[in-house]
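In the numbering used here, the protein residues as written are 5 to 291.
The beta carbon of each residue, even a glycine, is placed where N, CA and C say it ideally should be.
I have placed the structure first, in the form of structure tokens, so that the comments after it can refer back to it.
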Amino acid sequence: SRDGIMPLYAHRDIGGPMARTVEDAVRVFDVIAGSDPNDPVTIEADDRRADSYMDYLQSDLEGLRIGVVGQIAYKETADTEILMRFTETFSVLERLGATVVRGFHIENLDELRLGTGCSRFRYDIENYLADIPNPPLRTLKEIAESGRVYRTVLPTVERFLQFEGTPNTNEQCIRGRAQEDLFREGLRSAMAKYNVQALIYPSWSNPPRLVGDMSTPHGDNSQYPAPPTGFPALTVPMGFVRDGTLPAGLQVLGDAWSEPTLIRIAYAFEQATNHRRPPLTTPALSN
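Structure below.
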């Protein structure tokens, strides 16, 4: 449920667990998944949810077909080490019993993803603040003028100030929802054509940037197919880059209500690879 969550993009925001392991995340998901009368987007959740998502913590992927979304992964600015880690996942998934479809292709993907946005942050954040008793700031304009917005972020905030109307009346938002429908249809059509149950691509095509760096490629694929389609996705570690100092992630995406399949893939991959290590800044524990 999105109820009570500070919005970034309310139409696409969703609450989900972040945890050390897939099992830990699924334990939390088992508790929070379901319908909430305060969030209309969850209305079907009780009828669609599994009895327990823990049942899908399985160690083999026999019978599953997984599509490699090369159109997302192999972009010109992608980091070579990230792509090496991504390519290494294929043999792991195949060893676990899955069929990895390397030739998977989404027709007109670049066109499908364009125009799905809606610059509604002003509307969302001001509605959120209106529900808080005595908030220190009540409008996005007050936030922008507070002197507390980081300088590289301020131009984006000022751009959001130009939003007019509501998401139901704003022309950009109306067009964006129509384009989202086309995006969903395009992904479903491709998944049916190649008979795949899930898609994979790097969560980020580049290693983390330094704070304040807004110019070098960031490669954030996590906001690419999942948010505009509303389809579920799960990210699991796929290894390290830069001499083992920075982590890289694999994102697994499926059609609506395919969480059991995504959990199965992520858990099996995690158990087979165990890409976990403490950060260099963390001292060894005595016990």
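Note that the C-beta distance between V240 and G71 is not below 8 angstroms. Note on T265: 16 or more other CB atoms within 10 angstroms of its CB, so buried under the neighbour-count rule. Bounds of the alpha helix (DSSP H) holding V32 are 26–36. Per the DSSP secondary-structure output, L203 pairs in a beta bridge with G71, L257. In the structure shown, P159 falls within a helical segment according to DSSP collapsed to helix, strand and coil.
Contact check for E130 against G190 fails: the beta carbons are separated by 8 angstroms or more. Here T173 carries a coil assignment [DSSP, helix/strand/coil].
In the DSSP assignment, F235 falls outside any alpha helix (DSSP H) and carries neither an H nor an E. Between N210 and Q275, the alpha-carbon positions lie close to 24 angstroms from each other. Taking 8 angstroms as the cut-off, the Cβ atoms of V245 and E66 do not count as close.
In the structure shown, M195 falls within a helical segment according to DSSP collapsed to helix, strand and coil.
DSSP places D40 in the strand class (E or B) of the three-state scheme.
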